[in-house]
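Undergrad: Handing you this structure, nothing more for now.
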Amino acid sequence: MNPFLTQCRASFEMQATLEEGVVERGQRQAEWTRFEALGWPTTRLEDWKYTTLSGLEKLSLQNSVEPREEVKGVPPSLPLEGIPAPRLVFVDGTFQPDQSIIDGLPKGVRLRFWPDLDAPERERFTHKMAPARALTAFGALNGALFTEGVWITVDAGCALEAPLHLVKVSRTGQRMSHGAVLLELGENSELTLREHCVGSTDQPTHSNWVTAIELAPRARLTLVKVQQEGLLSYHTAALHALQRAGSHLQVFSFALSGALGRNDITLRLIEPHAECVLKGVYRVADRALQDFHTSIEHDSPHCTSDECFKGVLEGTGRAVFNGRVRVALDAQKTSSRQSNHNLLLSDKAEVNTKPQLEIFADDVKCSHGTTVGQLDEEQWFYLRTRGIAADLARTLLIQAFTLEIAEVIPHFGVREEVRRLLSGTVGGNDHV
Amino acid sequence: MLSIKNLQASVGDKPILKGINLDVKAGEVHAIMGPNGSGKSTLSNVLAGRENATVTGGSVTYQGKDLLALAVEERAREGIFLAFQYPVEIPGVGNVYLLKAALNAQRKHRGLPELDAMDFLALVKDKMKLMEMNESMLYRAVNEGFSGGEKKRNEILQMVVLEPSLAILDETDSGLDIDALKVVSHGVNSLRSPDRAMILVTHYQRLLDYIKPDFVHVLSDGRIQRSGGPELALELEREGYAWVGNETNEGVVAP
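Protein chains in written order, with the numbering used here: chain A, 1 to 432; chain B, 433 to 687.
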């Protein structure tokens, strides 16, 4: 057993001391058993072929066992500046009431937290989290070790204008955090969720969250996630969404820093006329790796999906994109687009990209396209003939490549904020 | 202002320019004409600093400086402007951003204060009127989705904003209808002044009806075969380029 697993087992055993019921204990045990059965992900597995966890398995990380480990007052080390209300703040996987601002939320928005749930609620929560936890071995690990969960429900017809900020800070080195988010949107409701994953330590950390989404008919959700993890951080995340008739889901995912990031995203269109948009950017510099495994499942007719990921790779950076689109036999009149474009800025950078289309229906419009290329010399030359310095011209072109994704974020404030983030130094500290 | 001496350049292994000699003084407009493949575009590219053409011999002096030793962006800041034959589309970079960054890079280089947003917009809007361009084009990405004519207008807009000392127009008339050609020519003519020079690279005489050159040079097989006044362009229009090739074949030395 590697040091990482040894520590996970120790943590799992310590959790027996938590004041949880027999049912919860049984569920944790079941997830742990499943995690052990799946085995540690190695590159021998198809889903992990290009993503090695050899760095993570050497780490011996502590899990927070106490459900509430609170940060009081205004600690300067928390990167919360400029994050407006309403906001939910989690530090090292633990909810921080003192740092969060949730008064003023409309009545139709309800927040519940795992430690406060009664037994039937816990059972329902666990049941609804199951598809997200089923996506990877880390999902199973989450089910066994999670210490925090938040259940967000938006009532039918309730539209929240201001984005709700979900802030996950990895603050303490040598720590892992396992949290769960359940988002339920009622009919005709609307929400923008801005998810911040921020590292504030140079020490190794592991953040392993799962998110489950259920959209009732005609509900509209925009989820904008930005990973700005520390240089030695590991980030694994699973997202599972169920979309009912006429619902509209937009997921934007920006993986901007961290040693290794792995996002497993599955969006299921299970009733007619549901629409999803899945867009993202990954930027990797020296020794970093970002991996997106996405799956869009058209289970019902007349649904639309639009997916586009863009990658910028520098130095020895590596990335993986695996885009599965499945169109079930009776999902006629499906319209699906997928693209993945990569900018390789060094000879040593590497991207493994794989579109995976499984189409069983015959009356569908499905397209996909992949490109891997360098900066356009003509564009670079053109900018320089206008007096723009060579370095700036290069930076401008790289930014322009990724900004295209941010341009389509519907909420103005969030769009501008992400635009600013993308216009920062490309590739973080390891700028070549 | 510009002195080209025995300039030789290759693209790949192929010699394209085989000894160009040309002197351009302030206030002058020179037209360089020639058949396809004569080296016209390579000449403008070498002057602007494009790296796909390798200079293998000769020299280019611009305002007393060794032009070939300057980086592309330094040439631009020193007042050289190349209007592209095929202006490049740059999605994600705003037209207005490029104009402002370009103008301020040049001003900074000359020790002038950078223009603030207000002064800059006033200046640009004024120039856009001259080019009969809609202001909404400012807020679009550089040349993205522009028609051929719009792209050429945008080139000349950049030129009239940057007010170069030496403007090189590479086939600016190609792809323009007669109305657009008039607008573009009007923009170019507005820049003519005793302290500014222009080089018009063109296949056809048509552009020269609107922008009158002081000198016309005929380029063929990498050399200037003949030089003369505006009447030379008319002669070319009548006779075509066939005779140029003949003379070369017969080994007639260009004047």
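Every residue gets a Cβ at the ideal spot worked out from N, C-alpha and C, and that includes glycine.
The model shown is predicted, which means the values in this text are computed figures rather than measured ones.
For A/Gly-157, name the three-state secondary structure that DSSP assigns.
TA: A/Gly-157: coil per DSSP, three-state reduction.
Undergrad: Between the alpha carbons of B/Pro-596 and B/Leu-434, how many angstroms are there, rounded?
TA: 13 Å
Undergrad: Along the chain, which unbroken stretches of the alpha helix (DSSP H) at least 4 residues long are found entirely within the region 556-591 of chain B?
TA: none
Undergrad: Could you give the DSSP three-state label for A/Ser-367: helix, strand or coil?
TA: strand
Undergrad: Flag this pair as yes or no: are the beta carbons of A/Ala-285 and A/Gly-317 separated by less than 7 Å?
TA: Taking the C-beta atoms as reference points, A/Gly-317 is found nearer than 7 Å to A/Ala-285.
Undergrad: State the start and end residues of the unbroken beta strand (DSSP E) segment that holds A/Met-484.
TA: This structure leaves residue 484 of chain A out entirely; chain A is present only between 1 and 432.
Undergrad: Using a Cβ cut-off of 7 Å, pull out every chain B residue sitting near A/Ser-386, in sequence order please.
TA: Before going on, a small fix: residue 386 of chain A reads as Arg here, not Ser. Residues of chain B passing the Cβ test: Ala-508, Leu-530, Ala-534 and Gln-590.
Undergrad: Pull up the distance between the alpha-carbon of B/Gly-459 and that of B/Phe-647, whole angstroms please.
TA: 12 Å
Undergrad: Compute the Euclidean distance between the alpha carbons of A/Gln-225 and B/Leu-553, then round it to the nearest angstrom.
TA: In the sequence on display, residue 225 of chain A carries Lys and not Gln. Inter-residue distance for A/Lys-225 and B/Leu-553 is about 36 Å (C-alpha atoms, whole angstroms).
Undergrad: Report buried or exposed for B/Asp-445, applying the criterion of at least 16 other Cβ atoms within 10 angstroms of its Cβ.
TA: exposed
Undergrad: Find out if the Cβ-Cβ distance for the pair B/Asp-602, B/Gln-657 is shorter than 7 Å.
TA: no
Undergrad: Secondary structure at B/Met-465, three-state DSSP: helix, strand or coil?
TA: strand
Undergrad: Taking the CB atoms as reference points, tell me whether B/Thr-474 and B/Ala-485 lie closer together than 7 Å.
TA: Result yes, Cβ atoms of B/Thr-474 and B/Ala-485 sit closer than 7 Å.
Undergrad: Sort A/Asn-352, A/Gln-374, A/Arg-337 and A/Thr-51 by Cα distance to A/His-368 and report the nearest one.
TA: A/Arg-337
Undergrad: Listed from N- to C-terminal order along the chain, which residues in the region 393-411 of chain A have their beta-carbon within a distance smaller than 9 Å of any beta-carbon of chain B?
TA: Ala-393, Leu-396, Leu-397, Gln-399, Ala-400, Phe-401, Thr-402, Leu-403, Glu-404 and Glu-407
Undergrad: Chain A partners of B/Ile-522, CB-CB under 8 Å?
TA: Gln-379, Tyr-382, Leu-383, Leu-397 and Ala-400
Undergrad: Around the Cβ of A/Pro-86, are there at least 16 other Cβ atoms within 10 angstroms (buried) or fewer (exposed)?
TA: buried
Undergrad: Of all Cβ atoms in chain D, is any one closer than 7 Å to the Cβ of A/Ala-119?
TA: Although the question refers to chain D, the structure presented lacks it and instead comprises the protein chains A and B.
Undergrad: Using the Cα positions of B/Gly-451 and A/Gly-230, report the straight-line distance between them to the nearest angstrom.
TA: 58 Å
Undergrad: Residues of the region 623-652 of chain B with a CB closer than 7 Å to any CB of chain A: list them in chain order, please.
TA: none
Undergrad: Suppose the cutoff is 7 Å on Cβ atoms and the five residues either side in sequence are ignored; what does the same chain contact list for B/Pro-662 look like?
TA: Leu-640, Lys-644, Pro-645 and Val-648
Undergrad: Who are the neighbours of A/Ala-390 on chain B, taking C-beta pairs under 8 Å?
TA: Neighbours of A/Ala-390 across chain B, judged by C-beta separation under 8 Å: Ala-503, Val-504 and Glu-505.
Undergrad: Which of the three DSSP states, helix, strand or coil, is assigned to A/Trp-32?
TA: helix
Undergrad: Please go through the region 82-111 of chain A and give each complete beta strand (DSSP E) segment of 3 or more residues, from N-terminal end onward.
TA: If only uninterrupted beta strand (DSSP E) runs of at least 3 residues are considered, those enclosed by the region 82-111 of chain A are 87-91.
Undergrad: Please work out which residues of its chain come closer than 6 Å, Cβ to Cβ, to A/Thr-236, disregarding the five sequence neighbours upstream and downstream, and give them in chain order.
TA: Phe-138, Asn-208 and Arg-262
Undergrad: Given this structure, state the Cα-to-Cα distance separating A/Pro-355 from A/Val-210, to the nearest angstrom.
TA: 24 Å
Undergrad: Do the region 143-156 of chain A and the region 37-47 of chain A make contact, defined as three or more Cβ pairs closer than 8 Å?
TA: no
Undergrad: Which residue marks the beginning of the alpha helix (DSSP H) containing B/Val-518, and which one marks its end?
TA: Residue identity check: residue 518 of chain B is Tyr in the sequence provided, not Val. Taken as a continuous stretch (DSSP letters only), B/Tyr-518 belongs to no alpha helix (DSSP H), as it is neither H nor E.
Undergrad: Unbroken beta strand (DSSP E) runs of length 3 or more, entirely within the region 438-499 of chain B: which are they?
TA: 446-456, 461-465 and 485-494
Undergrad: B/Leu-514 versus chain A: which residues are under 8 Å apart at the beta carbon?
TA: Within 8 Å of the CB of B/Leu-514, the CB atoms of chain A belong to Thr-385, in sequence order along the chain.
Undergrad: Counting only runs of 4+ residues fully inside the region 115-156 of chain A, write out the alpha helix (DSSP H) ranges in chain order.
TA: 119-133 and 137-145
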